[in-house]
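All residue numbers for the first sequence refer to UniProt numbering, where the first residue is 1 and numbers rise by one. Read through the structure below, which is laid out as structure tokens, and then see the notes.
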Amino acid sequence: MTRHLITSAIPYINGIKHLGNLVGSQLPADLYARYQRGRGNEVMFLCATDEHGTPAELAAAKAGKPVAEYCAEMHEVQARIAEGFRLSFDHFGRSSSPQNQKLTQHFAGRLAEAGLIREVSEKQVFSNADGRFLPDRYIEGTCPNCGYDKARGDQCENCTKQLDPTDLIDPRSAISGSTDLEVRETKHLYLCQSKMKDQLEEWIDTREGWPILTTSIAKKWLNDGDGLQDRGITRDLDWGVPVKRGEEDWPGMEGKVFYVWFDAPIEYIAAAQEWVDAGKGTDWERWWRTDKGADDVRYTQFMGKDNVPFHTLSFPATILGSGEPWKLVDYVKSFNYLNYDGGQFSTSQGRGVFMDQALEILPADYWRWWLLSHAPESSDSEFTWENFQASVNKDLADVLGNFVSRVTKFCRSKFGEEVPTGGALGAREAQLIADIAAQVRAYEGHMDAIEVRKAAAALRAAWVLGNEYLQDAAPWSTFKENPEQAAAQIRLALNLIPLYAVLSAPFIPDASAALLEAMGVETDGWPADMETALSRLAPGHAFTVPETLFAKITDDQREDWATRFSGLRD
RNA sequence: GGGCCUGUAGCUCAAUUGGUUAGAGCAGAGCGCUCAUAACGCUUUGGUUGGGGGUUCAAGUCCCUCCGGGCCUACCA
């Protein structure tokens, strides 16, 4: 038995995430966690909400609530939706937790002692009307290059020129529109990533089998221009982890907080502490401290491509720089983006289908299946209602759902609602068992390698084997001359159902549970020997014909939804 | 501007890392079956691998160039 630590990139707090966010991190992480649990391995699957930073403050202000209250509410909203999608977190934490606060301050202290933090005095734009420093992209003005009047302080979206906020003509706050801006001197802490460049590069170079997407982004940041740059890890904000050096105050840093991308990954560790403090477990260090049992843990991270630099460079720099025996990630699985019907999903613009809306119109399994079987692994992929309808109807309703329906209903009409007795398995049955065994091995191989789309295809191929067998065996024919033979055939076919349920559970957990319940069995582990697995339902075992597993999506529904989700969310 | 990824059948994707005749699913066509959610099975049509050039006994794969799509570029997270 191996032990798997699995984390999903933590979703930002300022609203409900869309399907593109879901498929890029939480959903494949859940697939892998469920699979490893299914294989009998010990799993710690952690996620959390990422709650600090300027956008959270602004979203709270817009909602007219104190930021702490806003975050607490939104955390509950996201947690509830995650349950709706059956995301099986062992703990869904909060980056604003006391545990994370303390741990973040601890890491900062260790890094400072190791000489990996330096203070930098810099000039930043302060808005008197807003009472806050403004991040570059929250400053708008006229582009000195092309004259575009809504250029942002970091870059002009019209001519793509890189800008400095002080370059802008007639600068104003993007928050309030105020032009009462001034440049102030402020001091910040920088993490000396540049000192760790060689160490990080050697580490990345020795990782094997990482996705191209992951390593190419990491290498780009390591070697682009002057190489890996030091990164500011503090901000002039109210909402965040107060800057401290371990438990000590940090002279000159009063009133400042750590930058979200410093404290957010640390929450992966803190979430395990929260898990203990919530009474769900007793020992988090055996997952995170290599001196306390975590050296045999396999740690896998899931994230969208925009998060790769933080997970391959900044967070490892934090861990390595601490000089303490924290567990480093073993495999970084990254995803491209999912587009929506010819354009991008957009949280800020409200474009696409959001997680809450998705659950309002269809059960989680439909979304899980489509999203995972079309996961954007090799390049960006696209959601269209036509493709969604066709895939779900064919794969879930026709191939799997109808298989279950035809087997159970045939049995009920000829033998009653119990597994029939008599007859013996022949050559065709031996062939089916061998084919299934081979298909399951292929499926396991893809799941072990976290090849999500390939795993989905292999699973579907296993479902197809059942339909092929029925066509060949034709129990409706053999029943006429040799009912005993038909009994043996249908007994084997019935036995495919709990097998499919166990294999399919990582993708479609609700349907799997419904199948097991209908067949009157509990999960009893991953199938090892296929002959044993396919004789689990003994003659005489009672079952019930399940309700329609997957109703088809009609053309009317598809058109209705395509229209409903064609515009922007308010 | 720089860098990275990507372009394969009408659609969504493969191709053991340079090695037989480029494969699946869906859609289309034909046949079969009648247990089943008009479902299932079998057969089949369909490709100058974006264009052009090069290296090689051999190129979807490597190199150059052009065209298209996307992402990143460090203060959104």
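Ideal placement from N, C-alpha and C gives every residue a C-beta, glycine not left out.
- Assignment of residue 482 by DSSP, reduced to helix, strand and coil, places it in the coil class.
- Comparing C-alpha distances from residue 248 to each of 112, 232, 286 and 392 shows the shortest one belongs to 112.
- Between residue 337 and residue 304, the CB-CB gap stays under 8 Å.
- With contacts defined as CB atoms closer than 8 Å, residue 274 and residue 25 fail to qualify as a contacting pair.
- At a Cβ-Cβ threshold of 8 Å, residue 57 and residue 67 count as neighbours.
- For residue 67, the enclosing alpha helix (DSSP H) has its first and last residue at 67–84.
- If you compare the alpha carbons of 203, 216, 263 and 192 with that of residue 228, the shortest gap goes to 192.
- Under the three-state reduction of DSSP output, residue 346 falls in the strand class.
- According to the DSSP assignment, residue 409 belongs to the alpha helix (DSSP H) that extends over 402–415.
- DSSP places residue 297 inside the beta strand (DSSP E), whose first and last residues are 297–304.
- Taking C-beta separations shorter than 8 Å and ignoring five residues to either side along the sequence, the partners of residue 522 in its chain run 516, following chain order.
- Of the residues 511, 450 and 309, the one whose Cα lies closest to the Cα of residue 217 is 309.
- Cβ neighbours of residue 120 within its own chain (closer than 6 Å, five residues either side excluded): 188 and 190.
- Rounded to the nearest whole angstrom, the C-alpha separation of residue 420 and residue 463 is 22 Å.
- The beta carbon of residue 314 sits closer than 8 Å to the beta carbons of 191, 193, 231, 261, 262 and 265 from its chain, once the five residues preceding and following it are set aside; these are given in chain order.
- Distance check between residue 384 and each of 396, 371 and 350 places 371 closest, using alpha-carbon atoms only.
- In terms of Cβ geometry, residue 92 and residue 48 form a close pair [threshold 8 Å].
- Using a Cβ distance threshold of 8 Å, residue 486 and residue 466 do not count as a contacting pair.
- Going by DSSP, residue 276 is part of the alpha helix (DSSP H) stretching over 260–277.
- When secondary structure is reduced to three states using DSSP, residue 107 falls in the helix class.
- When secondary structure is reduced to three states using DSSP, residue 210 falls in the coil class, being assigned neither helix nor strand.
- For residue 123, the number of other beta carbons within 10 angstroms of its own is below 16, and it is reported as exposed.
- Sixteen is the threshold: when 16 or more other Cβ atoms of the shown chains lie within 10 Å of the Cβ of residue 376, as they do, the residue is buried.
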